[in-house]
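A.B. asks:
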Amino acid sequence: MTTHTGWQGRFYEDFVVGDVFEHPLGRTVTTTDNIWFTLLTQNTAPLHFDHEYARRTEFGKPLVNSAFTLALVAGQSVTDVSQNVFANLGWEEITLPGPVFEGDTIHSRSTVLKARESASRPGLGVVTVRTTGHKQTGEVVIEFTRTLLVYKRGHGPRHAEGGEAGEAP
2 MTTHTGWQGR FYEDFVVGDV FEHPLGRTVT TTDNIWFTLL TQNTAPLHFD
52 HEYARRTEFG KPLVNSAFTL ALVAGQSVTD VSQNVFANLG WEEITLPGPV
102 FEGDTIHSRS TVLKARESAS RPGLGVVTVR TTGHKQTGEV VIEFTRTLLV
152 YKRGHGPRHA EGGEAGEAP
């Protein structure tokens, strides 16, 4: 019998400028997602949780909280981009070119813009990606640039436990 390790994510050495990662999981946004996230974050804009109020706007229905859209698309990118993250260093150029409504299904992709070794932390690399989220129609609903510190192979917390993907313990 062969034991196979599950996907452990990419390490710094796996990032090549220009590579595009089509993130594998889409997510349909529900009314519950929108209301819970909005209230959890103490956002008092009725456009997100009061269907009668939203019906009277030019949209005619609730808009999904844009912070939820950011969190969802960032989360979708983890499998390919930040499974082995040490820390996020920054988020820049966040744009929301199209609305998201309850019932929309969001997919995303990330493009590697930069990758360099960390000058101060030899076990890490600095990676910058541009992530785009789009709904089922193909319409882009969010874009942002994220810079993060990613472990090099052999340097993450899993290494301390006796092995990382692709290495013997």
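Counting from 2, one number per residue, gives the positions in the sequence shown under the working numbering.
Glycine is no exception: its CB is placed at the ideal position from the N, C-alpha and C atoms.
Since the structure is predicted, the reported quantities are computational estimates derived from the model, not experimental observations.
Quick one: residues in its chain with C-beta nearer than 7 Å to the C-beta of residue 31, no 5 flanking neighbours on either side, listed in chain order?
C.D. replies: As a working mapping, residue 31 is identified with position 30 in the sequence shown. So the list reads 103, once near-sequence residues are dropped.
A.B. asks: So what's residue 132 in DSSP terms, helix, strand or just coil?
C.D. replies: In the sequence shown, the residue the question calls residue 132 occupies position 131. Reduced to three states, the DSSP call for residue 132 is strand.
A.B. asks: To which residues does DSSP link residue 116 through a beta bridge?
C.D. replies: As a first step, residue 116 is located in the sequence shown; it is residue number 115 there, counting from the start. DSSP output for residue 116 lists 128 as bridge partner(s).
A.B. asks: Since I believe residue 115 is in contact with residue 21 (beta carbons under 8 Å), could you give me their beta-carbon distance rounded to a whole number of angstroms?
C.D. replies: One-based indexing of the sequence shown puts residue 21 at position 20. One-based indexing of the sequence shown puts residue 115 at position 114. Not really, about 14 Å apart at Cβ, beyond 8 Å.
A.B. asks: Should residue 51 go down as buried or exposed, given a rule of 16 or more other Cβ atoms within 10 Å for buried?
C.D. replies: If you number the sequence shown from 1, residue 51 lands on position 50. Answer is exposed; the Cβ neighbour count stays below 16.
A.B. asks: Provide the residue span of the alpha helix (DSSP H) that contains residue 35, from first to last.
C.D. replies: Walking along the sequence shown from the start, residue 35 turns up at place 34. Counting along the chain, the alpha helix (DSSP H) containing residue 35 begins and ends at 32-41.
A.B. asks: Give the range of the beta strand (DSSP E) segment to which residue 75 is assigned.
C.D. replies: Start at 1 with the first residue of the sequence shown, and residue 75 comes out as number 74. Here residue 75 belongs to no beta strand (DSSP E); instead the alpha helix (DSSP H) covers 67-78.
A.B. asks: Less than 8 Å between the CB atoms is what I'm expecting for residue 83 and residue 24, so what's the real figure, rounded?
C.D. replies: Mapped onto the sequence shown, residue 83 falls at position 82. Mapped onto the sequence shown, residue 24 falls at position 23. Contact doesn't hold; Cβ gap of about 11 Å is too wide.
A.B. asks: Would you kindly check if the distance between the Cβ of residue 55 and the Cβ of residue 62 is under 8 Å?
C.D. replies: Here residue 62 refers to the residue found at position 61 when the sequence shown is read from its first residue. Here residue 55 refers to the residue found at position 54 when the sequence shown is read from its first residue. The answer is yes: Cβ separation under 8 Å.
A.B. asks: For the structure I just gave you, are there three or more beta carbon pairs, one from the region 133-153 and one from the region 82-96, closer than 8 Å?
C.D. replies: Contact between the region 133-153 and the region 82-96 is present, because at least three Cβ pairs lie under 8 Å.
A.B. asks: What residues match up with residue 150 in a beta bridge as DSSP calls it?
C.D. replies: Residue 150 sits at position 149 when you count from the first residue of the sequence shown. Answer by DSSP bridge pairing, in chain order: 88, 127.
A.B. asks: Taking the beta strand (DSSP E) that residue 53 falls in, what are its first and last residues?
C.D. replies: To locate residue 53, count along the sequence shown from 1; it is residue 52. That residue, residue 53, is in no beta strand (DSSP E); its alpha helix (DSSP H) goes 52-56.
A.B. asks: With a threshold of 6 Å on Cβ separation, who are the neighbours of residue 97 within its own chain once the five nearest residues in sequence on each side are excluded?
C.D. replies: What you label residue 97 is simply residue 96 of the sequence shown in a count that begins at 1. Cβ neighbours of residue 97 beyond the five flanking positions: 67, 143.
A.B. asks: Let me make sure I understand the geometry here. Which of 150, 111, 105, 99 has the alpha-carbon closest to that of residue 121?
C.D. replies: Residue mapping note: residue 121 aligns to position 120 of the sequence shown, counting from 1. Ranking 150, 111, 105, 99 by Cα distance to residue 121 puts 150 first.
A.B. asks: Measure how close the beta-carbons of residue 73 and residue 107 come, nearest whole angstrom, since I'm counting them as under 8 Å.
C.D. replies: Locating residue 73 in the sequence shown gives position 72, counting from the first residue. Locating residue 107 in the sequence shown gives position 106, counting from the first residue. Indeed, because the Cβ distance is near 6 Å, the residues count as touching under 8 Å.
A.B. asks: Suppose you measure from the CA of residue 8 to the CA of residue 57; what does that come to, to the nearest Å?
C.D. replies: The residue you call residue 8 lines up with position 7 of the sequence shown. The residue you call residue 57 lines up with position 56 of the sequence shown. Cα-Cα distance, rounded: 47 Å.
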